[in-house]
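Right, one structure below, let's go through it.
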Amino acid sequence: MATTAPRTAGTRTPSAPPPGIRPDRTRLPRAFYWMVLPAVVLFLVFHTIPVLQGVFFSFTDSPGYGEWSFVGVDNYVALFTDPRVIAAYGFTFRFAFLATILVNAFALAVAIGLNARIKFKNTLRGIYFIPNVLSVLVIGYVFQYLFSGAVPTIATALGIDRLSTSILADPQLAWVGILILAVWQATAFNIIIYLAGLQTVPVELYEASSLDGASSWRQFRSITFPMIAGFFTINMVLALKTFLQVFDHIIALTNGGPGTSTESVGVLIYRGGFQGGEYGYQLANAVVFMIVIIAFAAFQLRVLQRREVSA
Amino acid sequence: MAPPRTVARLLVAGLAASTLVACSGGDGRTTLTFFQFKPEAVEYFEQRAAQFEAENPDIDIVVDNVPDPETALRARLVKDDVPDVLTLNGNGTFGELASAGIFVDYAGDPVLEDLNEGYVKILQDLGASDEGAVNGIPFAANASGVLYNVELFEQHGVEIPQTWDELIGAAQTFQAADVTPFYAMLGDAWTAQAPLAPLTAQTAPDGFFEARFAGEATFAEGWREAAEKELELFEYTQPNPAGFGYQEGTVAFAAGESAMLLLGSYAVPQIRSFEPDFTVGSFALPATDDPADTRLVSGVDVLVTAGAGGAHPEESRRFIDFLLEPDAVQDYAEQQVAIPALAGATNPDPALAGIQPYIRQERLVGFDDHQFIPAIPLGPLLQRLLIDKDADAFLDGLDDSWDRVAQRRTWGLGAVSS
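In order, the protein sequence lines correspond to chains U and V.
If you read the first sequence in the working numbering, its first letter stands for residue 660, the second for the next number, and so on.
If you read the second sequence in the working numbering, its first letter stands for residue 15, the second for the next number, and so on.
This is the structure in C-alpha cells:
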C-alpha cells in the first residue's frame, strides 16, 4: 500500500508567526480539543466504563441483580474446565475460519468479475450488494424456511436421502446451514472493499504484462493480488472478527440447537448470562473472548501486513 | 461565536433539562409499569388494564408485553428497573428471582385467603425471599399430561390409558392403523420437557430433588427410568421429529394427523385457534403400572406479583386487587383453558374433563423441570437425548452441569434450599 507516499499535502510548513497572532495559535488547538471532547466523553461513558464494570463483575458471582460476593478468579478457572464453554469456542473457531476463507474467496472472485468490462456492470454490482443491506435476522428466517421446508421437499422429489430432512435438525449438519447463510450475507460487503481495491490498480501494469505475454492467472498472481494486498488484510481481519462474534445467524436458524451443537461463544454468553442468570460467570467468558478476538486481530494484522510490505 | 465554555455549559444544562422532562409524567397521573409475560393472554390483560384505567382515572397503566420475557426481565433487573406489577410463570426463574428478594412478600395477606392453598405452596417451594414468604399470588394453573383426539380414540376403540403399558399399547394401535400416535415437536426444545415432568415425578424416588441438592443422589440413578420411558414415547412419533416445532405440531394435531400430543392444557387455546373438527380431551400421563400411582403434574401458569420497593405501592396494590377479582380470574381460566387458582373453583371446559378428578382429589405434583435453574441446559440436553438416543450422555450431562453450576455460585441453586 501507499506506505511510502511522501507526506507533503496538508502538513503545515513551520514558518515564523507574524507578531500578534500568537494567542490564535494557542486557541486553535484548543478548539480542536473541544471538538474531540464530546466523542471522547461519549466513548468513555457508554463504552469504556461499561467494559470496566463488566470486567469488575467477572470477578463476582453476581446474577446481575441482588446480592453478590467476590469469587476471585474462580469464574475464570471454572471456564477452562467447562465442556459447554470449550465446545462453544471450538464451534466458533471452526465456523469463523471456514466462513472467513469462503467469504474472501467468493468476494475476490466476484469482485474481479464485476471489475471486468462486462455488460450491466453497475446493475450487477447493485444486485450483489443487496444481501448486505438486509438484516441477518430477517433473511435468517427466510433461510430457515428454505432449509426446513423447500430443500427437503426438493431433495425428496429428487430422491436424495441425505437432504430429505432439515439439515438444521441434524446436530452434525446444522452448522453447514449457518455457514451458508453467513457466507451469503457477508460476501457482499467484502466485494465492495475488493472492488474499491481493484480500481486502485493502474491499467498500465496490465498493458505492460500482456505485452510480455503473461497469462491472466499470472497477472492475477503477480499484479492484482499484490496490489490489493492491503484490502485483503482489511477484509480478512474484519471478516474473522465478525464471524467470531456470530450471533444473529444462529438465533434465527437453530437457536444454538439441536442440543448445544451450534452454540457459539456469543450465543452462550447471551444464554448463560441473561437467560441463565449467570451474569458474573458469562462476563468472565466475555472478557476472555474479548482478549481472544483482540489477539487474533493483532496477530492477523502483523502477519498479513508483513506480507504486504514484502510484496 | 460563544466562547467554548459557555457552549459546553449550555449543552450540559440542555441535557439535564431533557432528562428531567422525560421523568415527569406531566399531568399528575401515576404511571404503573405492568410487565406481562404471557403472549397468549396479551389481549385479556390489555383489556383489564384499560378497564382499570377507566375506573381509576388517576392511574395510567403501561402494559409491557415482551417476547422472551424472562430474559427481558433479567435485563431490566440488571438496570435496577423492576416493573411495578408483573405476571410471571411459576417456574425456576421465578424461584430464583423470588429468592433474591425482588418481589413483595404476601405471607399472611388477606389476598391469599380465597386461593387454592396447593398453588400457594407450589410457589413457596420454588423460592422465597425469606422463610415462609410468599412472593407471588397464583392466578391460573395448568396441567401437563396428554392431549388426545376424542373422535380418533373412539374410532379405533382405544380406551383412556390407565397404566404405562396401556399408553404404549394405545400408541401401537394407532401406529398399526397408520395414525401418528404422538406428534413430536423437537424443533422447540421445551416441548420435550412436557412429558418428562410427569415421567420424572412418578418414577424418581421420593424426595429426589432434596437429595440431589444435598449431593446425595444423581440423575444417572434417579432419572434413568424416566429418560428411558421418554425415549420409548418418542419411538411412536412421525418421521423426522426434530424438523417440526410447537407451531407445526399443534397445527398437525388440530388437522387430525396425530392421535395424541404430549403437551399440557396450555396448548388447548392454540390448538382450538386452528379450529379442529373434533373434541380435544386430556388425561394424566400414567408412568407406572399401578393406576393408583398416577399423579397429575400441575403448576402455576400465571402468577401476579409486584416489585419490592416499588415507587407506587398503594397504586400497584389497587391494580393487583382489581386483577384478582374472582369473576375475572374465572373468566381468564375459561378463556385460556386454565385451572383457576381460586379455592374450590373449577373450569367446565371439556378439554379439562379428563384431568378434573385429579385436581378434585388433589393427586397433584409440581413440575420437576421447574427445579432447574436455567443455567443448567435441560432443554438442549433433552433435545439431544431424543435425537441421539443416548440416555447415558443425557443423564451424565445433567449431573455434570448441575454440579458445575452448583460449584460456581455461592447463593444456592434456587428452589429447594439445601
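For every residue, glycine included, the Cβ atom is placed at its ideal position computed from N, Cα and C.
- Message: Nearest by alpha-carbon distance to P290(V): which of L276(V), V265(V), L396(V), D179(V) is it?
- Response: It is V265(V) whose Cα lies nearest to the Cα of P290(V).
- Item | V164(V) versus A365(V): straight-line alpha-carbon distance, rounded | Pairing V164(V) with A365(V), the inter-Cα distance amounts to about 10 Å.
- Neighbourhood of H384(V) by C-beta, 8 Å cutoff - its chain only, sequence neighbours within 5 removed: Counting only residues of its own chain and dropping the five nearest sequence neighbours on each side, H384(V) has a CB closer than 8 Å to the CB of G104, N105, G106, G109, L140, G313, A429.
- Below 9 Å between beta carbons: does that hold for T214(V) and W178(V)? The Cβ atoms of T214(V) and W178(V) lie no closer than 9 Å to each other.
- Curious, which full-length alpha helix (DSSP H) runs of at least 4 residues does the segment 837-897 of chain U contain? List check, alpha helix (DSSP H) in window: 862-870, 875-878.
- Under 8 Å (Cβ pairs) to chain V, residues found in the segment 933-954 of chain U: Listed by position along the chain: F933, Q934, G935, G936, E937, Y938, Y940.
- Task: Would you mind working out which of D304(V), E244(V), D315(V) sits nearest E54(V), comparing C-alpha positions?
- Result: Distances from the CA of E54(V) to each of D304(V), E244(V), D315(V) were compared; the closest alpha carbon is that of D315(V).
- If V318(V) and G150(V) are in contact, beta carbons under 8 Å, what's the gap, nearest whole angstrom? With a contact defined as Cβ atoms closer than 8 Å, V318(V) and G150(V) qualify at about 7 Å.
- Alpha carbon to alpha carbon, how far is Q844(U) from V801(U)? Rounded to the nearest angstrom, the two C-alpha atoms are 12 Å apart.
- Query: So is S869(U) buried or exposed if we call it buried at 16+ other beta carbons inside 10 Å?
  - Reply: Exposed, by the Cβ-count rule.
- Taking the C-alpha atoms as reference points, what is the distance between E173(V) and L400(V)? Approximately 27 Å between the Cα atoms of the pair.
- Buried versus exposed call for V730(U) [16 or more other C-beta atoms within 10 Å across all chains shown]: With 16 or more Cβ atoms within 10 Å of its Cβ, V730(U) is classed as buried.
- Message: For P327(V), report the span of its alpha helix (DSSP H) as first-last.
- Response: Boundaries of the alpha helix (DSSP H) around P327(V): 327-337.
- Query: Hey, how far is the Cα of V76(V) from the Cα of L337(V)?
  - Reply: Straight across, the Cα-Cα distance linking V76(V) with L337(V) is about 15 Å.
- Identify every run of the alpha helix (DSSP H) within the segment 782-819 of chain U, keeping only runs that are complete inside it and at least 4 residues long; order them along the chain. DSSP runs (the alpha helix (DSSP H)) wholly in the segment 782-819 of chain U: 795-804, 810-817.
- Could you tell me whether the Cβ of P394(V) comes closer than 9 Å to any Cβ of chain U? At a cut-off of 9 Å between beta carbons, P394(V) contacts chain U.
- Could you name the residues of chain U that L91(V) contacts, counting a contact when the two beta carbons are closer than 9 Å? In chain order: P722, G723, Y724, G725.
- With a threshold of 16 other CB atoms inside 10 Å of the CB of D907(U), please say whether the residue is buried or exposed. The residue is buried, with at least 16 neighbouring Cβ atoms inside 10 Å.
- Query: Taking all protein chains shown into account, do 16 or more other C-beta atoms lie within 10 angstroms of the C-beta of M694(U), making it buried, or fewer, making it exposed?
  - Reply: Counting the other Cβ atoms within 10 Å of the Cβ of M694(U) gives fewer than 16, which makes it exposed.
- Message: By the three-class DSSP mapping on this structure, what secondary structure does F902(U) have?
- Response: DSSP places F902(U) in helix when its eight states are reduced to three.
- Taking C-beta pairs closer than 8 Å, name the residues in chain V that P830(U) reaches, listed in chain order. Residues of chain V passing the Cβ test: R398, I401, D402.
- Query: Alpha carbon to alpha carbon, what distance is there between E328(V) and P354(V)?
  - Reply: Approximately 26 Å, taken between the alpha carbons.
- Report yes or no: do three or more beta-carbon pairs, one from the segment 856-867 of chain U and one from the segment 932-949 of chain U, lie closer than 8 Å? These segments do not touch.
- Message: Taking a contact to mean a Cβ-Cβ separation below 9 Å, would you say T44(V) touches D74(V) in this structure?
- Response: Note that the C-beta distance between T44(V) and D74(V) is below 9 Å.
- Identity of the residue in Y724(U), A770(U), N734(U) nearest G856(U) by Cα: Selected option, being the one with the closest Cα: A770(U).
- Answer with yes or no whether the minimum CB distance from G43(V) to chain U is below 9 Å. In the sequence as displayed, the identity of residue 43(V) is Arg instead of Gly. Closer than 9 Å: no.
- Cβ neighbours of I850(U) in the same chain (closer than 6 Å, five flanking residues each side left out): Closer than 6 Å at the Cβ level, and outside the excluded window around I850(U), lie A766, V769, A770, Y787.
- Query: Around the C-beta of T47(V), are 16 or more other C-beta atoms found within 10 angstroms, so that it is buried, or is it exposed?
  - Reply: By the 10 Å Cβ count, T47(V) comes out buried.
- Item | 9 Å Cβ cutoff, R930(U) in contact with chain V | Look at R930(U): its C-beta is under 9 Å from a C-beta on chain V.
- Query: How should V962(U) be labelled, buried or exposed, when 16 other C-beta atoms within 10 angstroms of its C-beta is the threshold for buried?
  - Reply: Residue environment for V962(U): exposed (fewer than 16 other C-beta atoms within 10 angstroms of its C-beta).
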